[in-house]
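The numbering of the sequence shown is full-length UniProt numbering, which starts it at 1 and goes up by one.
For each residue, glycine too, the CB sits at the ideal point set by N, CA and C.
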Amino acid sequence: MIASLIIIVFITYAIVSLWPWLYSKYRIYSALRKMQGPKPHWITGNVSDFDGSFSQSLLKIDRQYSRKYALYYGIWHPVLAINHPDTIRMALKKPFSKDTDAMKYVRDWTGDGILTSNGALWARNRRLLTPAFHFDVLRSYVSIYNECTDILIEKWKNNCGKCIEIFDDMSRLTFDVLLRCAFSANLNLQTSEKRHPFLLATDENSYIVEERFVNLIYSITSTFKLTAKGRQYFKNTEFSRKFAKEILMDRRKQIQTGQADTSNKKYLDFLDIMLQAKDSSGNGLTDDEIVAEAITFLFAGHDTTASTISFALFSLAKHPEYQQKIREEYEQVLNGKDELSWGDLAGLQFTTMCIKETLRIHPPVCILGRGLCEDTEIDGQVFPKGLELELQLYCIHHNPEFWPDPWTFNPLRFTQEEINKRDPYTFFPFALGSRNCIGQNFAMNEAKVTLAKLVHQFEFSEAENHPLDHLISSVLRNVGGTWVQLKDRNP
């Protein structure tokens with residue numbers, strides 16, 4: 001009798017506890033059942049529809065449905081995919097969060113940084129971190145971009161006449177830049193034979209996040225922790241947090257001993273600004289918050305920019321005429337000086353156009369996830385709170401309705417005249433609205449300096465047997481690496 005009562009109480013408690021979640025899922029599935037989209041398998045959803053190349057499968061599916069459609073990454077992970085600028089504009093009028101499955105998996109790794117947090121915490125920390133990306137701070141970083149690119153130039157001079165894979169070197173360069181700008185740390189990353197352990201941990205965790213997205217066992221944290229990949233994921237997480245925490249503790253010791261007087265520094269780094277930040281109540285960021293933001297900055301900022309610069313060089317390798325325009329612009333802006341300065345960046349207009357066209361064809365982040373914070377009407381249909389929206393940035397950027405001949409690399413699409421003709425919701429590599437990328441100016445400035453200097457120093461041409469084959473990952477890559485043929489113009 002007592003055992004039966006215990007079982008009844010347990011079942012009742014489970015039902016009451018799970019009811020809000022079950023009801024929310026019921027509303028989501030009910031809404032999506034009315035939607036167009038590929039028919040899902042009762043367990044695996046639409047995973048089998050992504051056979052072969054994920055990028056090509058995604059484009060193929062996307063072209064079959066206009067404006068919005070239902071997708072299931074496993075039946076446990078339904079999303080509303082949106083592929084039209086008008087529908088995106090309508091959907092984002094209402095409050096939304098980044099409390100999506102993908103962000104939950106990233107949060108397990110980075111903590112509650114500005115990329116993964118929501119609500120009041122996100123709003124507070126966004127305000128506190130915004131000064132780190134003010135023009136007065138960014139201007140001092142141009143010398144770092146120059147110095148780090150010069151290191152790569154010296155390295156590549158030894159590879160002239162060869163076909164080289166450039167993404168790994170670019171990843172080292174952008175990580176080198178971030179460590180110097182974020183923590184004033186020079187770890188000789190570009191000249192070391194081995195990749196830094198943080199880069200290795202980041203690479204591995206990025207791939208595991210993708211697997212958690214489509215694997216039911218991995219998607220549940222309690223079961224994921226029992227797997228070999230789960231143990232490796234949290235081992236990498238522990239290392240990443242320890243790495244950031246040690247840098248923070250070292251800086252605090254320097255402050256206590258008077259060795260970190262910011263008044264005598266050439267520039268304020270990201271850590272300086274985080275340590276000085278205070279909200280309206282006079283409270284600063286906690287150590288855990290600083291560690292989370294540091295990991296977020298390093299994770300989100302290095303491979304995205306590395307992807308952009310690598311694909312820019314890959315694209316320019318097919319267009320020597322565009323390379324020559326960049327060189328002429330660079331020499332005109334430099335005007336006899338040794339290196340680019342802050343005031344020169346605005347003059348790199350054609351270089352900027354090449355970077356933007358690269359971001360269109362090869363967006364580092366191909367899909368943006370957003371969660372509905374309340375019931376929201378989209379195109380005349382009400383969708384429930386908790387539904388995940390998938391903004392199909394990659395598909396919009398390759399839609400011939402918005403971009404004629406979308407696979408042709410044409411920087412002239414980004415003259416001011418052409419930009420004014422277009423709907424801004426057809427090009428959003430740094431996301432949209434209040435949750436846009438806080439570091440986009442930092443990334444663009446770094447890309448301008450690096451690309452202009454490399455193209456001025458070298459001639460790039462196509463590498464045989466290394467075609468374009470997009471690998472949509474946490475950051476867009478090329479299958480088999482990004483390869484170019486290298487020739488030194490100024491030996």
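Does the distance from the CB of P429 to the CB of L334 come in under 8 angstroms? Taking C-beta atoms as the reference points, P429 and L334 fail to come closer than 8 angstroms.
Going by beta carbon distance, what residues of the same chain come within less than 6 angstroms of T237, once the five residues before and after it are set aside? W109.
Measuring alpha carbon to alpha carbon, tell me which residue in K235, A300, L32, L271 is nearest N436. When only C-alpha atoms are compared, the closest one is A300.
Taking all protein chains shown into account, do 16 or more other C-beta atoms lie within 10 angstroms of the C-beta of S222, making it buried, or fewer, making it exposed? Taking all protein chains in view, the Cβ of S222 is surrounded by fewer than 16 other Cβ atoms within 10 Å, so the residue is classified as exposed.
On the three-state DSSP scale, how would you describe A478? Reading off the sequence shown, one finds Asn at residue 478, where the question assumed Ala. In this structure, N478 counts as strand in the three-state DSSP scheme.
Enclosing beta strand (DSSP E) for S192 [first to last residue]: For S192, there is no enclosing beta strand (DSSP E), as DSSP gives it neither H nor E.
Cutting at 8 angstroms between CB atoms, please list the residues of its own chain near T415, excluding the five before and the five after it. Here the set comprises M353.
Could you check whether S307 and R477 sit closer than 8 angstroms to each other, using their CB atoms as the reference points? Contact flag set, yes.
Segment limits, alpha helix (DSSP H) that includes A81: For A81, there is no enclosing alpha helix (DSSP H); the enclosing beta strand (DSSP E) covers residues 78-82.
Can you tell which of K68, R139, I88, G74 has its C-alpha closest to the C-alpha of L80? Nearest C-alpha to L80: K68.
Is C181 helix, strand or coil when you go by DSSP? Looking at C181 - three-state DSSP - the assignment turns out to be helix.
Secondary structure at C366, three-state DSSP: helix, strand or coil? Looking at C366 - three-state DSSP - the assignment turns out to be coil, as it is neither helix nor strand.
The beta strand (DSSP E) with F460 in it runs from where to where? First-last of the beta strand (DSSP E) with F460: 458-462.
Does the beta-carbon distance from E388 to T87 come in below 8 angstroms? Against a cut-off of 8 angstroms, the Cβ pair of T87 and E388 comes out as no contact.
Taking W156 and L486 to be in contact with their CB atoms under 8 angstroms, please state how far apart those CB atoms are, rounded to whole angstroms. Contact between W156 and L486 holds: their C-beta atoms lie close to 6 angstroms from each other, under 8 angstroms.
In this structure, how does DSSP classify H470 when only helix, strand and coil are distinguished? DSSP places H470 in the strand class (E or B) of the three-state scheme.
Just verifying my parser: in three-state terms, what is the DSSP assignment at T376? Assigned with DSSP and collapsed to three states, T376 falls in strand.
Are at least three pairs of beta-carbons, each pair with one atom in the segment 379-394 and one in the segment 118-127, less than 8 angstroms apart? Not touching, per the Cβ criterion.
Using a 10 Å radius around the Cβ and a threshold of 16 neighbouring Cβ atoms, would you call Q256 buried or exposed? By the 10 Å Cβ count, Q256 comes out exposed.
Could you please give the first and the last residue of the uninterrupted beta strand (DSSP E) stretch that includes K68? Per DSSP, the unbroken beta strand (DSSP E) holding K68 starts and ends at 68-72.
For V484, the residue or residues it bridges with in DSSP: V484 pairs with I164, E462.
With a threshold of 6 angstroms on Cβ separation, who are the neighbours of C148 within its own chain once the five nearest residues in sequence on each side are excluded? For C148, same chain residues with a beta-carbon under 6 angstroms away, outside a window of 5 residues either side, are L173, D176, V177 in chain order.
So, helix, strand or coil for L275, using DSSP? DSSP places L275 in helix when its eight states are reduced to three.
Candidates A294, A201, A431, of which the one nearest F183 by Cα: Check the Cα spacing between F183 and each of A294, A201, A431: the tightest is with A294.
Distance CB(N118)-CB(K98) smaller than 8 angstroms: Their beta carbons are under 8 angstroms apart, which means N118 touches K98 by this criterion.
Distance check for F96 and L432, CA to CA, integer angstroms please. Approximately 12 angstroms between the Cα atoms of the pair.
Helix, strand or coil, according to DSSP, for S117 in the structure here? Here S117 carries a coil assignment [DSSP, helix/strand/coil].
Unbroken beta strand (DSSP E) runs of length 3 or more, entirely within the segment 193-234: which are they? Listed in chain order, there is nothing to give.
So, is P400 buried or exposed, given that buried needs 16 or more other C-beta atoms within 10 angstroms? Taking all protein chains in view, the Cβ of P400 is surrounded by fewer than 16 other Cβ atoms within 10 Å, so the residue is classified as exposed.
So does the segment 48-60 actually touch the segment 467-474, counting three or more Cβ pairs closer than 8 angstroms? The answer is yes - the segment 467-474 touches the segment 48-60, with three or more Cβ pairs under 8 angstroms.
For the alpha helix (DSSP H) holding F350, just list the boundary residues, first then last. From DSSP, the alpha helix (DSSP H) with F350 extends over 349-361.
What's the gap between the Cα of R251 and the Cα of S240? About 17 angstroms.
Could you work out which residue in L58, G282, L138 is closest to R180 when comparing CA atoms only? Nearest C-alpha to R180: L138.
Checking 8 angstroms against the spacing of the C-beta atoms, do E357 and F409 come in under that value? Note that the C-beta distance between E357 and F409 is below 8 angstroms.
Under 8 angstroms, do L340 and V484 count as touching if we go by C-beta distance? Contact: no.
For the beta strand (DSSP E) that E390 lies in, which residues bound it at each end? Looking at the DSSP string, the run of the beta strand (DSSP E) that includes E390 is 388-391.
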